[in-house]
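Terminal number for the sequence shown in this note's numbering: 605, no gaps in between.
Think of the CB as a built atom: it goes at the ideal place given N, C-alpha and C, for glycine as much as any other residue.
If you're wondering where the values come from, they're calculated on a predicted model, not measured in any experiment.
Okay, structure first, notes after.
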Amino acid sequence: MLIKRSSTIKSSEITSEDNYLNRRKFIQSSTLIGGSLLSSRLLGANLPQEPFAELDDVKSSLYSTDEKINNFLDVTSYNNYYEFGTGKDDPYRNGKDFQSRPWSIEVTGEAEKTGIFDIEDFVKPYLLEERIYRMRCVEAWSMVIPWVGIPLADIIKSFKPLSSATHVRFETLHDRERMPGQKSRVLKWPYREGLTMAEAMNPLPLLAIGIYGRALPNQNGAPIRLVVPWKYGFKGIKGIVKMSFVKSQPKTSWEMAASNEYGFYANVNPKISHPRWSQARERRIGSGVFASKQPTQMFNGYGEQVAHLYDGLNLRRHF
Ligand code: MTE
287 MLIKRSSTIK SSEITSEDNY LNRRKFIQSS TLIGGSLLSS RLLGANLPQE PFAELDDVKS
347 SLYSTDEKIN NFLDVTSYNN YYEFGTGKDD PYRNGKDFQS RPWSIEVTGE AEKTGIFDIE
407 DFVKPYLLEE RIYRMRCVEA WSMVIPWVGI PLADIIKSFK PLSSATHVRF ETLHDRERMP
467 GQKSRVLKWP YREGLTMAEA MNPLPLLAIG IYGRALPNQN GAPIRLVVPW KYGFKGIKGI
527 VKMSFVKSQP KTSWEMAASN EYGFYANVNP KISHPRWSQA RERRIGSGVF ASKQPTQMFN
587 GYGEQVAHLY DGLNLRRHF
């Protein structure tokens, strides 16, 4: 990953944590703990066409952290999205006019159900959930982000993958006109990512369509992106147009760019340094210039949910 100068991070707040928590329209649902509050009104996510539009009927999740969330400006102006440039504020500046509609997602490979689906139909059957997750970038900074989305496992189940599928592979839109950063050779396009089937079926990964109760801004990956909170942020592929069930471990963009630096697994691991910097500590964006770095947690603090996925795997070799 390119490391930019330690950038000027704007700290002014356009959405304070308190304002956000007060105004959000969430359904305090007990569905996660077995109760059934689902009414017909709640079944089916209505995906607004515009970035930033308010999302209705979002239920809160027991998987959320109660750590202080980052402010909206941090989350939307300090981004990595190389399709719009490699600077942290490039995605915000160069992605402003990106049109994320119409949008379709192609599902291919080892599954009973495959096809091309309009994004609205893709998300319609599901309830939206808010998940407040820590995000740890491989560049040793982190944020806490209130995502809105659908558990990836629920979406995958609906396509009935065959037992021959070992991994799921994702691709971002490939369009040099709409994504001018793709004219640069910094990565092989389209951006590609993947998970093992066991990882993908874990309850934590989310296909996010929003942040802060609103539809995803372009710079955060509109209209739909992956969030895998125990892995480095680069696994969270944005602007997804293709999901494939495949029979072997797929090559990912960052692996193709520098396989000695970025592995397929990319689990957050404070004990395994990047060849060019330590991963033991992280800078929490928005904590102020004088704040000290905080220790990085194994699996970004999600070990209870995911450590079993790696039983017997040599994490030093499979970094
Ligand atoms: N997805 C695509 N298509 N292109 C990218 O350059 N960058 C990744 C990931 N997803 C990237 C991407 C990296 S390196 C990180 S850290 C996260 O997006 C950042 O997500 P955020 O900008 O919403 O914080």
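Residues near residue i in its chain [Cβ-Cβ closer than 8 Å; skip 5 each side]
i, result
"residue 566", "556, 557, 559, 581, 582"
"residue 401", "392, 393"
"residue 444", "399, 411"
"residue 314", "Residue placement at residue 314 is flagged as unreliable, the pLDDT there being 44, under the threshold of 50; a coordinate-derived value is accordingly withheld."
"residue 352", "418"
"residue 380", "370, 371, 466, 467"
"residue 446", "397, 398, 399"
"residue 361", "429, 431, 497, 498, 506"
"residue 382", "504"
Residue i and residue j closer than 8 Å at C-beta
i, j, result
"residue 527", "residue 463", "no"
"residue 372", "residue 472", "yes"
"residue 530", "residue 455", "yes"
"residue 434", "residue 494", "yes"
"residue 502", "residue 491", "no"
"residue 424", "residue 498", "no"
"residue 485", "residue 413", "no"
"residue 513", "residue 522", "yes"
"residue 548", "residue 540", "yes"
"residue 600", "residue 516", "no"
"residue 335", "residue 387", "yes"
"residue 520", "residue 287", "yes"
"residue 340", "residue 511", "no"
Exposed unless 16 or more other CB atoms sit within 10 angstroms - verdict on residue i
i, result
"residue 453", "buried"
"residue 478", "buried"
"residue 561", "exposed"
"residue 505", "buried"
"residue 354", "exposed"
"residue 602", "exposed"
"residue 576", "exposed"
"residue 294", "For residue 294, the predicted structure reports a pLDDT of 35, less than 50, and the residue's modelled location is therefore unreliable. The matter cannot be settled from this model."
"residue 377", "buried"
"residue 356", "buried"
"residue 438", "buried"
"residue 337", "buried"
"residue 459", "buried"
Sequence-distant residues of its chain with Cβ nearer than 6 Å to residue i (five each side left out)
i, result
"residue 404", "390"
"residue 543", "473"
7 Å Cβ shell around residue i - same chain, five flanking residues per side excluded
i, result
"residue 409", "331, 333, 436, 495"
"residue 607", "Outside the modelled stretch of the chain, which goes from 287 to 605, sits residue 607, for which no answer is possible."
"residue 395", "451, 530, 531, 532"
"residue 406", "333"
Quiz item: Within the structure, which residues are defined as neighbours of ligand 1 by a Cβ-heavy atom distance below 5 Å, reported in chain order?
Solution: 365, 366, 367, 368, 423, 458, 477, 506, 519, 520, 522, 523, 524
Self-check item: Every unbroken beta strand (DSSP E) inside the region 497-559 [3 residues or more]
Solution: 511-513, 526-532
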